[in-house]
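Worksheet for the structure shown next.
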Amino acid sequence: MSDRLLEVRDLATTFATAGGPLPAVGGVSFDLNQNETLGIVGESGSGKTVLSRTIMGLQPRTNVTVSGSARLNGFEVVGASEEAKRGIWGTEVAMVFQDPMTSLNPVMRIGKQIDEVLRVRLGMDKAAAKARAIELLELVGIPSPVERYRAYPGQLSGGMRQRVVIAIALACSPKLLMADEPTTGLDVTIQAQILNLLDRLKSQLQMSVILVTHDLGVVATRTSRIIVMYAGRVVETGSTRDVFQNHRMPYTRALLESSPKVASHSHTRLQAIPGRPPNLMKLTAGCAFAPRCAYATERCHRERPELTAAEGPGHAFACWNPLPTTRGAS
Amino acid sequence: MSDPRTPLLKVRDLSVTFGTKRHPVSAVAGISFDVYEGETLGLVGESGCGKSTTGKAIMRIVEPTGGTVELEGRDITTEKGRALRQLRTRLQMIFQDPISSLNPRRRVKDIVAEPLDCWKSVTGDERERLVQDLLSKVGIDPLVYGNRYARQFSGGQCQRISIARSLAMRPKLLICDEMVSALDVSVQAQILNLLEDLKNEYGLTLLFIAHDLAVVKNVSDRVAVMYLGKICEIGPSDTLYEDPEHPYTKFLLGAALEADVDSPVHGDVLEGEPPSPLNPPSGCRFRTRCPNATEKCASEEPLLQEIAPGHQVACHYPLRTLARR
Numbered sequence: 345m346s347d348r349l350l351e352v353r354d355l356a357t358t359f360a361t362a363g364g365p366l367p368a369v370g371g372v373s374f375d376l377n378q379n380e381t382l383g384i385v386g387e388s389g390s391g392k393t394v395l396s397r398t399i400m401g402l403q404p405r406t407n408v409t410v411s412g413s414a415r416l417n418g419f420e421v422v423g424a425s426e427e428a429k430r431g432i433w434g435t436e437v438a439m440v441f442q443d444p445m446t447s448l449n450p451v452m453r454i455g456k457q458i459d460e461v462l463r464v465r466l467g468m469d470k471a472a473a474k475a476r477a478i479e480l481l482e483l484v485g486i487p488s489p490v491e492r493y494r495a496y497p498g499q500l501s502g503g504m505r506q507r508v509v510i511a512i513a514l515a516c517s518p519k520l521l522m523a524d525e526p527t528t529g530l531d532v533t534i535q536a537q538i539l540n541l542l543d544r545l546k547s548q549l550q551m552s553v554i555l556v557t558h559d560l561g562v563v564a565t566r567t568s569r570i571i572v573m574y575a576g577r578v579v580e581t582g583s584t585r586d587v588f589q590n591h592r593m594p595y596t597r598a599l600l601e602s603s604p605k606v607a608s609h610s611h612t613r614l615q616a617i618p619g620r621p622p623n624l625m626k627l628t629a630g631c632a633f634a635p636r637c638a639y640a641t642e643r644c645h646r647e648r649p650e651l652t653a654a655e656g657p658g659h660a661f662a663c664w665n666p667l668p669t670t671r672g673a674s
Numbered sequence: 002m003s004d005p006r007t008p009l010l011k012v013r014d015l016s017v018t019f020g021t022k023r024h025p026v027s028a029v030a031g032i033s034f035d036v037y038e039g040e041t042l043g044l045v046g047e048s049g050c051g052k053s054t055t056g057k058a059i060m061r062i063v064e065p066t067g068g069t070v071e072l073e074g075r076d077i078t079t080e081k082g083r084a085l086r087q088l089r090t091r092l093q094m095i096f097q098d099p100i101s102s103l104n105p106r107r108r109v110k111d112i113v114a115e116p117l118d119c120w121k122s123v124t125g126d127e128r129e130r131l132v133q134d135l136l137s138k139v140g141i142d143p144l145v146y147g148n149r150y151a152r153q154f155s156g157g158q159c160q161r162i163s164i165a166r167s168l169a170m171r172p173k174l175l176i177c178d179e180m181v182s183a184l185d186v187s188v189q190a191q192i193l194n195l196l197e198d199l200k201n202e203y204g205l206t207l208l209f210i211a212h213d214l215a216v217v218k219n220v221s222d223r224v225a226v227m228y229l230g231k232i233c234e235i236g237p238s239d240t241l242y243e244d245p246e247h248p249y250t251k252f253l254l255g256a257a258l259e260a261d262v263d264s265p266v267h268g269d270v271l272e273g274e275p276p277s278p279l280n281p282p283s284g285c286r287f288r289t290r291c292p293n294a295t296e297k298c299a300s301e302e303p304l305l306q307e308i309a310p311g312h313q314v315a316c317h318y319p320l321r322t323l324a325r326r
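Order-wise, the sequence lines are chains W and G.
Going from the first sequence to the working numbering is simple: count from 1 and add 344.
Going from the second sequence to the working numbering is simple: count from 1 and add 1.
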């Protein structure tokens, strides 16, 4: 068997809204190998969360159209029944959501919430499930797991709750862990702890990880490849180094330059991107970034650029007027 | 204090205690600092450190339980009634959530004019002119958008409207509480640049409260770091970021993630979590997580001491002193 874990082809998700169809994800293709960490980066409304949920097969039952294909370890998620999808959730793919408070049941002891997964999915008996749950709590770095097993989510801090959510996700040893903004809303010191934990677990348990985030700092040192999304499409993808240092798409550069840096002096003028993200219901035939792009020409407004391969391995960008390559320059 | 400039805002021993008599939670536990005319003081810290409460206590949105806050020589904490209201026009606050800080059912121009209407300080024509001027200053076309409702705007635009409203009374001091943390990076940069421009144009003094270290450094001349209701370090931003003296500042900076592939992967990570403010540690409040803590740290509370001009640290063993040994 090849080491390819996930194959996504032309995946598109469109919501039917009162105002017309809303193409949240508009044709995304990528592959993910085993033991790889992929970052999906974009601003709010770029489709990164909808993409990750579509890959999980988590979408509302009505008012949504999914086309294309997402094959997870040979299982086609698109069009699969709820029943069939339940077979892969937990064991093949598991998800860690952004808000650890709302993903836990506030009136159920955390131990029980971990047990539930083990007993339902793995058919463990009560005692075995409890022992395994305590092991999992220890694995995710919760101090005194035996006592915490009986705690309610409200008695834990945000960082601890996120560790519990990770423990639940890991309960059935998934091959792919999907983490959607796992550290947003946590303090920086706690964020560093959680990201280190995910890193350690990934190598310890031989998982692949997809890290969905708006924060370029989160993906900079913890992913091997990155997908940059804008208005529901991939605008640039490549190795993390290529995306950060040899980006060709003006949006990638604008995103990098608009965030303030700890290393630069105070009162450094920021390179803001003018305007704001487009309304997905009113996308034009051209490049979605064109109205905000400093390099846009007439063609950009008329015709949408497809992903074009660049020099680096797996590096591709969608732009008619790409930035010059810096490869070989330094 | 060695700074020759006059402080616009003088905070002394400010404390705020919530909770009951039997279970007091000291959110702000006696902090002192000055904000000088024309500067931006950044206030950083993790959630629960008391930074927002400090901002609100200065405005008296929450009542301080101790200490004094002097604005241009007048003590805000003892003023009452009309005098307090008058004093409050000199300082304005911008909040984190731009959408919920505006009434969705009111028109933009009325929102911006609200402070003027409260004080009935201007006539109809003058009011119109001022509102148009303020809206254009924040980059919202008053002729196109002035009559629209607040609910029709995005987060970034709402934050621009909040800024326009806060400038209506020509305040001296603007308190910005996490004003860009709900915005996307591309919009965040626009707002930070706008704030910088308006600060120069209106001669504003800023107290900028945020958890994002990079954002705070970008806007601030000086930065104060808070931990569990206390200030642990305060100094010029470039110095403080390059040579932090307090171990907590160092850990905080080490945990900040840079959008740079070559930044160190696993820096020293601060273990554990902040203790509960219900039961803060004796002595230095950071000692339970500090690698350099000794018995002295448990028995004796370190006070803010000046170790370089304008740079104060509350630690028995500042890092540079430690390095010299």
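Quick reminder that beta carbons are idealized off the backbone N, C-alpha and C, glycines included.
Inset, instruction - Pull out every residue of the stretch 603-627 of chain W whose Cβ sits closer than 9 Å to any Cβ of chain G, in chain order. - result: Of all residues in the stretch 603-627 of chain W, S603, P604, K605, V606, A607, S608, H609, S610, H611, T612, R613, L614, Q615, A616, I617, P618, G619, R620, P621 have a Cβ within less than 9 Å of some Cβ in chain G.
Legend entry - W:A673 classed as buried or exposed, judged by whether at least 16 other C-beta atoms fall within 10 angstroms: The pLDDT assigned to W:A673 is 49, lower than 50, so where the model puts this residue is not dependable; a value taken from the coordinates is nonetheless given after this. The residue is exposed, with fewer than 16 neighbouring Cβ atoms inside 10 Å.
Legend entry - Chain-ordered chain G contacts of W:A598 [CB-CB under 8 Å]: S187
Inset, instruction - Please confirm if the stretch 632-645 of chain W is in contact with the stretch 582-594 of chain W, defined as three or more CB-CB distances below 8 Å between the two stretches. - result: yes
Inset, instruction - Decide if W:H558 is buried, meaning its Cβ has at least 16 other Cβ atoms within 10 Å, or exposed. - result: buried
Inset, instruction - Using a Cβ cut-off of 7 Å, pull out every chain W residue sitting near G:Q191, in sequence order please. - result: A616
Inset, instruction - Tell me whether W:Y639 sits in a helix, a strand or coil according to DSSP, three-state version. - result: coil
Legend entry - Coarse secondary structure for G:S3, derived from DSSP in three states: Because G:S3 carries a pLDDT of 43, less than 50, the predicted location of this residue cannot be relied on, and no value is offered for it.
Legend entry - Members of the stretch 35-64 of chain G near chain W, C-beta cut-off 7 Å: Of all residues in the stretch 35-64 of chain G, E47, S48 have a Cβ within less than 7 Å of some Cβ in chain W.
Legend entry - Bounding residues of the beta strand (DSSP E) (the contiguous stretch that carries G:Y37): 25-37
Inset, instruction - Answer yes or no: do G:K138 and G:A165 have a C-beta to C-beta separation smaller than 8 Å? - result: yes
Inset, instruction - Taking C-beta pairs closer than 8 Å, name the residues in chain W that G:E197 reaches, listed in chain order. - result: Here the neighbours are H611, R613.
Legend entry - Other residues of its chain near W:R415: CB distance less than 6 Å, five sequence neighbours each side excluded: For W:R415, where only same-chain residues beyond five positions count, the Cβ hits under 6 Å are E351.
Inset, instruction - Starting from G:K52, trace the alpha helix (DSSP H) both ways and give me its first and last residue. - result: 52-60
Legend entry - Simplified DSSP state of G:E296, which is helix, strand or coil: Helix at G:E296.
Inset, instruction - Less than 8 Å between the CB atoms is what I'm expecting for W:V328 and W:V440, so what's the real figure, rounded? - result: This structure leaves residue 328 of chain W out entirely; chain W is present only between 345 and 674.
Inset, instruction - Could you tell me the distance, in whole angstroms, from the CA atom of G:A324 to the CA atom of G:D239? - result: 20 Å
Inset, instruction - Can you have a look at W:G401 and say buried or exposed, based on whether 16 or more other CB atoms are within 10 angstroms of its CB? - result: buried
Inset, instruction - Can you give me the start and stop residues for the alpha helix (DSSP H) that W:A523 sits inside? - result: No alpha helix (DSSP H) holds W:A523; the beta strand (DSSP E) holding it covers 520-524.
Legend entry - Residue range of the alpha helix (DSSP H) that includes W:K456: DSSP places W:K456 inside the alpha helix (DSSP H), whose first and last residues are 454-466.
Inset, instruction - Using a Cβ cut-off of 8 Å (strictly closer), state whether W:V532 contacts chain G. - result: yes
Legend entry - Own chain residues within Cβ distance below 6 Å of W:D586, not counting five before or after: The answer, listed in chain order, is G656, H659.
Legend entry - Beta-carbon neighbours of W:E387, restricted to chain G and to distances below 9 Å: D185, V186, S187, V188
Inset, instruction - Buried or exposed for W:M551, please, with buried defined as at least 16 other CB atoms from any protein chain shown within 10 angstroms of its CB. - result: Buried, because 16 or more other Cβ atoms sit within 10 Å of the Cβ of W:M551.
Inset, instruction - Using a threshold of 8 Å, state whether the C-beta atoms of G:L174 and G:L92 are closer than that. - result: yes
Inset, instruction - Can you check the stretch 112-190 of chain G for any beta strand (DSSP E) of at least 3 residues that lies completely inside it and give the ranges in chain order? - result: 174-178
Legend entry - Closest Cα partner of G:I77 within the set G:R61, G:P303, G:R83, G:T66: G:R61
Inset, instruction - Please state if the CB of W:M522 and the CB of W:E386 are separated by a distance shorter than 8 Å. - result: Contrary to the premise, residue 386 of chain W reads as Gly rather than Glu in this sequence. Taking 8 Å as the Cβ cut-off, W:G386 and W:M522 do not qualify as a contacting pair.
Inset, instruction - Find the residues of chain G that neighbour W:F588, judging by a C-beta separation of less than 8 Å, and give them in chain order. - result: A260, D261, V262
Inset, instruction - Could you pull out every residue in the same chain whose Cβ sits closer than 6 Å to the Cβ of W:P649, ignoring the five residues on either side in sequence? - result: Taking W:P649 as the centre and dropping the five residues before and after it, the same chain places the C-beta of C631, A662, C663, W664 closer than 6 Å to its C-beta, in chain order.
Inset, instruction - Using a Cβ-Cβ cut-off of 8 Å, state whether G:H212 counts as contacting chain W. - result: Look at G:H212: its C-beta is under 8 Å from a C-beta on chain W.
Inset, instruction - Give a yes or no on whether the minimum CB-CB distance between W:Q535 and chain G is below 8 Å. - result: yes
Inset, instruction - Show which residues of chain G have a CB atom less than 9 Å away from the CB atom of W:A564. - result: Going along chain G in sequence order, the residues near W:A564 (Cβ under 9 Å) are L258, E259, A260, D261, V262, D263, S264.
Legend entry - 8 Å Cβ cutoff met for W:L614 and W:P604: Yes, these two residues count as a Cβ contact at 8 Å.
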